[in-house]
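Trainee: Here it is, the structure in full.
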Amino acid sequence: MNGRVGVRCDAGPGVGVGHLVRCVALAEELSARGTEVLFLGDVGGLPWAAAQLERRGLPLLPARPGAEALGSQAACLDLDAVVLDSYDLAPETGMALRRAGIPVLAIIDGDTRGQSADLYLDQNLGAEDRHAGLPVLAGTRYVLLRDEVRRHRSVPAGGIPHVLCFFGGTDATGVTMGWLDALAATGVPFSATVIAPETVVPPPGLPISVLPPTDELPRLMAQADLVITAAGTTVWELLYLGVPTALTWVRDNQLLGYHGVTKRGLAAGLGAGNDPYSAVPALRELLAEPARRARYARRGRRVVDGLGRERVADALARIR
63 MNGRVGVRCD AGPGVGVGHL VRCVALAEEL SARGTEVLFL GDVGGLPWAA AQLERRGLPL
123 LPARPGAEAL GSQAACLDLD AVVLDSYDLA PETGMALRRA GIPVLAIIDG DTRGQSADLY
183 LDQNLGAEDR HAGLPVLAGT RYVLLRDEVR RHRSVPAGGI PHVLCFFGGT DATGVTMGWL
243 DALAATGVPF SATVIAPETV VPPPGLPISV LPPTDELPRL MAQADLVITA AGTTVWELLY
303 LGVPTALTWV RDNQLLGYHG VTKRGLAAGL GAGNDPYSAV PALRELLAEP ARRARYARRG
363 RRVVDGLGRE RVADALARIR
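Numbering-wise, the sequence shown is residues 63 to 382 according to the numbering used here.
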């Protein structure tokens with residue numbers, strides 16, 4: 063597969079980095095097959111997000127605003143296909159690209175949001191039952207994982223549980239401190255690493271370290287005895303790694319993934335991200351019971367095989 067594919071997605075303090083992360087995973091696969099990949103969008107001034115593209119040699123160009131303008135831009139760039147991954151694009155964006163003769167793959171999470179595409183990708187649990195009549199790659203067979211995730215598997219150390227805690231690439235909703243206080247309220251010994259902005263200061267006297275967003279996150283996830291996070295794109299990475307996971311949700315668009323994963327017993331459900339204290343009993347059980355954590359890890363490993371991006375790249379080649 064050669065040619066040139068454009069990816070229209072954004073990252074930033076308001077939208078997080080989940081769209082970018084899964085598109086980077088697909089871009090790695092396409093690049094390995096000899097396809098040139100260009101990103102069209104904005105990373106919101108986040109150094110970590112910009113670095114993900116730079117170190118992979120993936121150019122980032124500003125996207126022209128408006129559906130027709132984007133269609134013209136894609137044609138001028140001689141793109142063979144465009145991947146759309148955004149909740150904020152105008153519904154007519156896909157149609158404008160298709161009118162310009164450019165095939166479209168739209169990555170969605172349950173709702174197409176009126177976007178027209180030659181092919182849709184919904185990597186969420188249960189997606190197979192939600193899109194009757196649409197050309198769709200549905201379910202966890204199509205989860206997009208980065209190289210640095212696929213290199214790891216869970217290797218918890220045992221002993222006093224080590225917790226990894228993060229809420230998206232930016233903690234845009236500011237919930238981290240509440241969850242650290244909730245962990246402290248369990249009364250169970252633990253240590254923790256927190257991925258958060260430098261403004262987060264952990265409760266005094268506890269073995270908690272705070273790191274900024276880092277490329278070491280896959281390794282840190284694989285080494286954790288428990289991960290506490292929001293139900294975003296990282297959930298699929300955690301299931302693949304086989305890491306015991308406890309989920310909350312901080313945005314309405316995460317509810318679909320939250321319920322899909324927790325109702326199947328693949329991760330513990332902690333409820334809403336803005337109400338951490340109601341989750342103290344569940345956190346206490348998770349910290350105190352290694353067997354409970356191990357059950358979640360075993361179930362998760364069976365769901366994501368890590369080959370989704372190959373399947374998506376194969377399907378994209380068929381519509382180009």
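C-beta: ideal position from N, C-alpha, C; glycine also. Please read all numbers here as calculations on a predicted model, not as lab measurements.
1) Along the chain, which unbroken stretches of the alpha helix (DSSP H) at least 4 residues long are found entirely within the segment 352-377?
2) When we look at the beta-carbon of Pro153 and count the other beta-carbons within 10 Å, is it buried (16 or more) or exposed?
3) Whose CA, out of Leu288, Arg161 and Ala344, lies closest to the CA of Phe228?
4) So, does the segment 262-269 touch the segment 319-339, judging by three or more C-beta pairs under 8 Å?
5) Can you check whether the CB of Pro352 is closer than 8 Å to the CB of Trp241?
6) Residues in its own chain within less than 7 Å of His214 by CB, not counting five upstream and five downstream?
7) Since Val105 contacts Ala112 with CB under 8 Å, what's their CB separation in whole angstroms?
8) Tell me, which residues are paired with Ala341 by DSSP?
9) Give me the DSSP bridge partner(s) of His224.
10) My guess is that Ala89 and Arg118 are in contact by the Cβ rule of under 8 Å, so how many angstroms apart are they, rounded?
11) Can you confirm whether the segment 173-181 touches the segment 144-162 when touching is taken to mean that 3 or more C-beta pairs between the two stretches lie within less than 8 Å?
12) Taking 8 Å as the cut-off, does the segment 268-276 touch the segment 179-194 (at least 3 CB pairs, one atom from each stretch)?
13) By alpha-carbon positions, which one of Arg355, Asp314 and Glu98 ends up nearest to Asp140?
14) Distance, Cα to Cα, Ser253 vs Asp376?
15) Would DSSP call Pro86 helix, strand or coil?
16) Could you check what DSSP says for Tyr204 in three-state terms: helix, strand or coil?
17) Could you give the residue range of the beta strand (DSSP E) that holds Gly331?
18) According to DSSP, which residues form a beta bridge with Glu98?
19) Roughly how many whole angstroms lie between the Cα atoms of Gly80 and Leu102?
20) What are the residues that DSSP puts in a beta bridge with Ala292?
21) Which ranges does the beta strand (DSSP E) cover as unbroken runs of at least 3 residues, wholly within the segment 122-171, from first to last along the chain?
22) CB Ile164 to CB Val144, shorter than 8 Å?
23) Among the residues of its own chain, which have a CB less than 7 Å from the CB of Gly368, if the five just before and after it don't count?
24) Among the residues of its own chain, which have a CB less than 7 Å from the CB of Ala341, if the five just before and after it don't count?
25) Let me make sure I understand the geometry here. Which of Arg66, Leu226, Gly195 and Ala73 has the alpha-carbon closest to that of Leu108?
26) For Val388 and Ile222, what's the separation of their Cα atoms in angstroms?
27) Can you grab the Cα-Cα spacing for the pair Gly362 / Arg373, in whole Å?
28) For the alpha helix (DSSP H) holding Asp184, just list the boundary residues, first then last.
29) How about Leu345 and Thr235: do their beta carbons lie closer than 8 Å?
Mentor: Quick answer:
1) 352-363
2) exposed
3) Leu288
4) no
5) no
6) Pro280, Arg281, Ala284 and Leu303
7) 5 Å
8) DSSP output for Ala341 lists no bridge partner at all.
9) Ser253
10) 7 Å
11) yes
12) no
13) Glu98
14) 43 Å
15) Residue 86 is actually Val in this sequence, not Pro. Three-state DSSP puts Val86 in a helix.
16) helix
17) Ala330 to Ala334
18) Arg66
19) 16 Å
20) Thr310
21) 143-147 and 166-169
22) yes
23) Leu207, Arg212 and Tyr302
24) Ala244, Leu332 and Gly333
25) Ala73
26) The first residue shown for the chain is 63 and the last is 382, placing residue 388 beyond what the model contains.
27) 20 Å
28) That residue, Asp184, is in no alpha helix (DSSP H); its beta strand (DSSP E) goes Leu181 to Asp184.
29) no
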